[in-house]
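Written below as structure tokens is the structure these notes are about.
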Amino acid sequence: MLRTPDDLLDFTCEALARVRDRAPLVQCLTNAVVTNHTANALLALGAAPAMVDVPEEAGPFASVAGGVLINLGTPNAEQRTAMTEAAEAAVAAGTPWVLDPVAVGSLPVRTALAHRLRDLGPTVIRGNASEVIAVSGAGAGGRGVDATDDVEGAADAATALAAATSGVVAVSGPVDLVTDGERVARVANGDVLLTRVTGAGCALGAVMAAFASVDDDRFATTVAATVVYTVAAELATKHGDAPGSFAVAFLDALATVDRSDLTGRARLS
Amino acid sequence: MLRTPDDLLDFTCEALARVRDRAPLVQCLTNAVVTNHTANALLALGAAPAMVDVPEEAGPFASVAGGVLINLGTPNAEQRTAMTEAAEAAVAAGTPWVLDPVAVGSLPVRTALAHRLRDLGPTVIRGNASEVIAVSGAGAGGRGVDATDDVEGAADAATALAAATSGVVAVSGPVDLVTDGERVARVANGDVLLTRVTGAGCALGAVMAAFASVDDDRFATTVAATVVYTVAAELATKHGDAPGSFAVAFLDALATVDRSDLTGRARLS
Amino acid sequence: MLRTPDDLLDFTCEALARVRDRAPLVQCLTNAVVTNHTANALLALGAAPAMVDVPEEAGPFASVAGGVLINLGTPNAEQRTAMTEAAEAAVAAGTPWVLDPVAVGSLPVRTALAHRLRDLGPTVIRGNASEVIAVSGAGAGGRGVDATDDVEGAADAATALAAATSGVVAVSGPVDLVTDGERVARVANGDVLLTRVTGAGCALGAVMAAFASVDDDRFATTVAATVVYTVAAELATKHGDAPGSFAVAFLDALATVDRSDLTGRARLS
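Protein chains in written order, with the numbering used here: chain A, 119 to 387; chain B, 119 to 387; chain C, 119 to 387.
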């Protein structure tokens with residue numbers, strides 16, 4: 119079981135190579151705001167996105183996909199049906215799936231759905247600190263999509279949630295935290311410009327689903343996805359120092375980030 | 119009450135500083151085409167977008183948001199319900215809200231909805247000349263999303279509509295016109311490339327909602343939003359002279375436009 | 119009837135000039151992932167996109183639009199109703215319409231709809247090899263949105279499908295194939311980076327609808343759209359060699375591609 123920063127970093131490089139080699143099919147049931155950026159992030163990385171989110175298709179597709187992302191950003195009624203269908207099919211088929219409980223807490227429709235999906239046992243739950251606290255049942259959520267809690271303040275909730283779901287929980291913030299309830303990793307990469315591009319966290323959830331498809335150690339794959347994503351963000355700042363050009367450079371960096379970038383920059387603990 | 123170009127320009131600089139300082143939460147119920155660009159424009163500007171557009175969430179959120187945008191570009195049934203819910207909640211809570219009646223006139227579903235929403239008294243109505251004429255009840259609308267009338271030809275309709283709704287009406291075009299029924303301002307900034315990027319007008323509506331959250335003089339905030347937006351477009355042409363690169367540079371410019379850009383370039387009358 | 123590569127290339131240049139001159143109104147009923155990119159591609163080219171996809175509006179609009187695109191990428195229930203409405207209205211009004219049967223084959227909802235729409239006689243059907251084979255009834259489709267068959271392997275299915283629908287069929291791949299059941303053209307332009315940007319094929323369908331509005335020889339207009347689009351992709355690689363910057367440069371190239379680019383680069387046979 120991978121635990122040390124060095125082991126996790128070696129694994130990250132290997133997992134990225136596998137993603138690029140296998141081009142895993144990642145089914146995304148995600149919000150209307152970020153669907154384009156998410157698909158482009160997956161394509162840039164080397165994965166194959168498929169946004170199959172209508173009922174009667176979402177379930178069958180989840181059975182054959184490499185990984186599934188369920189993101190609750192704009193959950194209309196038809197998509198909610200498809201999300202439940204996809205999650206149940208993923209569980210039945212053993213397909214890894216990521217739940218991103220966007221803005222849960224005070225918003226009633228998505229919060230109820232998030233709790234139902236949580237109880238199905240997501241492979242990974244990814245959110246900001248307020249979302250993780252809310253989905254764990256320990257708090258009220260943040261301000262819209264923004265966290266009002268900090269990452270370390272969500273560490274206990276994340277650990278409890280990971281234990282309760284027998285899954286992995288990732289808390290995004292200036293320093294990202296990943297835990298499977300026993301192991302805890304922190305990734306201190308990234309750039310504040312990620313918060314100035316919509317869907318940065320949403321696309322990370324999709325990338326976690328891609329990585330989850332290439333190895334059974336989902337703590338390690340989630341750490342790997344986080345490292346690759348946040349190191350790419352750092353590389354992007356060299357070519358884009360404002361939100362528009364950064365977003366473009368970030369997609370380029372996802373396509374080009376390599377082992378030397380990762381080993382030279384990763385700040386894992 | 120601000121009237122002179124100099125006063126409005128001073129106010130514009132102050133309002134931009136407030137938006138960046140307060141990061142107002144702007145709820146957008148908008149069309150599928152532009153939701154990503156709109157969120158990115160708000161983030162670049164320094165505001166906090168939240169695309170909460172499902173029934174039972176849209177109303178409660180409009181009660182706590184800083185501003186609300188309702189854009190009728192692709193109004194499916196569920197979104198129409200959410201839009202009415204959000205508008206009613208915004209009115210009840212005193213949240214400023216912007217109505218963007220995209221392509222109203224001959225298209226029956228959105229036109230009926232636009233009239234119902236108009237009668238609720240939007241804080242701001244923003245559209246091109248044909249849309250403003252159509253929503254005022256004085257004409258038939260344009261060709262799809264394109265205006266077939268010119269801005270000055272819509273001036274009377276805009277003034278009458280502002281008076282009827284006790285709100286502000288903004289007419290977009292080569293020279294933008296803003297009126298509250300008594301005061302009238304014209305903004306002669308911008309660039310034709312804005313018409314080559316989808317959702318330029320739609321994102322301006324969201325920016326108007328952001329500015330409306332920082333001051334009670336919504337004539338002045340709407341002028342300020344228009345000046346900031348169109349001056350940013352001019353700055354963007356220095357880095358992008360074709361539609362793709364212009365769109366990227368425009369987001370960068372929204373993030374970086376400052377007082378000296380505004381005072382040096384604004385053409386207010 | 120245009121047959122030779124030289125005649126088709128002359129026609130391509132003339133058709134591009136007409137699109138830019140007339141700015142045809144192109145109605146798009148398309149998937150949530152690509153709607154923004156599709157609208158921007160049409161605007162960059164010089165056409166006028168209108169994403170009118172709600173029932174009771176989609177039909178009337180299809181009667182007056184210059185061309186219609188129906189893309190099955192994320193076909194929710196309301197959009198499926200609107201798509202049938204738009205296709206029937208297009209047929210009745212003589213509006214050219216393009217069907218893009220994204221990921222048909224194993225996915226049941228879209229496959230049933232694709233067959234119903236096919237039977238209405240689309241002016242153009244555009245897809246990858248697996249999609250064309252599936253919609254022709256000769257095979258099972260690909261892996262999500264990716265083709266698992268190659269273009270030449272779909273040539274017979276394309277020819278049979280064109281004959282059965284009395285329309286044009288375009289098969290996208292490294293070398294694109296266009297046929298009306300009698301004539302066959304191949305276009306060997308483009309770049310592999312098109313496969314790293316989501317919606318490259320989807321936007322091509324919209325461009326084919328724009329070109330179909332400017333001449334009655336829809337074999338020739340479909341070839342023209344393909345040449346313009348894939349030559350623009352080649353031009354874009356000069357300014358963007360990774361997915362993010364390529365997508366931006368591609369929109370720029372659609373706006374700037376000219377007769378000399380086309381005559382210098384087109385590889386038609």
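Using N, Cα and C, we set each Cβ at its ideal position, and we do this for glycine too.
- Sequence-distant Cβ neighbours of VAL366/B in its own chain, meaning closer than 7 Å and more than five residues away, are GLY358.
- Chain B places no beta carbon closer than 7 Å to that of PRO219/A, leaving this residue out of the contacts.
- For THR297/B, DSSP records a beta bridge to VAL287/B, VAL302/B.
- Within the DSSP bridge table, the entry for VAL216/A names LEU187/A, VAL242/A as partners.
- The beta carbon of GLY323/B sits closer than 7 Å to those of LEU187, ASN189, VAL216, ASP218, ARG244, all from its chain and outside the five residues before and after it, given in chain order.
- For GLU175/C, same chain residues with a beta-carbon under 8 Å away, outside a window of 5 residues either side, are ALA200 in chain order.
- Cβ contact annotation for ALA288/C (same chain, cutoff 6 Å, sequence separation greater than five): ARG244, VAL296, THR340, in chain order.
- Each of PRO142/C, THR122/C, LEU161/C, ALA230/C was checked against the Cα of THR313/B, and the nearest Cα belongs to LEU161/C.
- Judged by DSSP in its simplified three-state form, LEU225/A adopts coil rather than helix or strand.
- The closest CA to that of GLU132/B, considering only SER363/B, LEU369/B, ALA343/B, is found on ALA343/B.
- Sequence-distant Cβ neighbours of ARG140/A in its own chain, meaning closer than 8 Å and more than five residues away, are GLY184, SER331, VAL332.
- Among the residues facing chain A, GLY291/C is not included, as its CB has no counterpart in that chain under 7 Å away.
- Chain C places a beta carbon closer than 7 Å to that of THR374/A, counting this residue as a contact.
- Under the three-state reduction of DSSP, VAL144/B is assigned to strand.
- The beta carbon of ARG198/B is closer than 6 Å to those of LEU231 in its chain, skipping five residues each way along the sequence.
- In the DSSP assignment, ALA168/A falls outside any alpha helix (DSSP H) and within the unbroken beta strand (DSSP E) covering 166-168.
- With contacts defined as CB atoms closer than 7 Å, VAL137/A and ALA157/B fail to qualify as a contacting pair.
- Non-local beta-carbon contacts of SER181/C in its own chain, meaning distances under 6 Å to residues more than five positions away in sequence, involve ALA207, ALA211 in chain order.
- Residue nearest to VAL310/B within the set SER290/B, PHE329/B, ALA272/B, ALA303/B is SER290/B (criterion: CA-CA distance).
- With a threshold of 16 other beta carbon atoms within 10 Å, THR122/A falls short and is exposed.
- Look at LEU161/B: its C-beta is under 7 Å from a C-beta on chain A.
- When the alpha-carbon of GLY308/C is set against those of ALA275/C, LEU380/C, GLY255/C, the nearest one is in LEU380/C.
- Where PRO361/A is concerned, the enclosing alpha helix (DSSP H) starts and stops at 361-374.
- Interface residue (Cβ-Cβ distance to chain C less than 7 Å): GLY185/B is not classified as such.
- Boundaries of the alpha helix (DSSP H) around PRO178/B: 176-182.
- For the segment 135-168 of chain B, the set of residues with a beta-carbon nearer than 9 Å to any beta-carbon of chain C comprises ASN149, ALA150, VAL151, VAL152, THR153, ASN154, HIS155, in chain order.
- Excluding sequence positions up to five before and after ASP171/B, its CB lies within less than 6 Å of the CB of LEU147, GLN197, ALA200, all in the same chain and listed in chain order.
- Sequence-distant partners of ARG383/C (beyond 5 residues in either direction) whose C-beta falls short of 7 Å from its own C-beta, in its chain, are ASN307, VAL349, GLU352.
- DSSP, reduced to helix, strand and coil, places LEU386/C within a strand of the structure shown.
- For GLY358/A, the secondary structure class from DSSP, reduced to helix, strand or coil, is coil.
- Sixteen is the threshold: when 16 or more other Cβ atoms of the shown chains lie within 10 Å of the Cβ of GLU249/A, as they do, the residue is buried.
- For ASP334/B, the secondary structure class from DSSP, reduced to helix, strand or coil, is coil.
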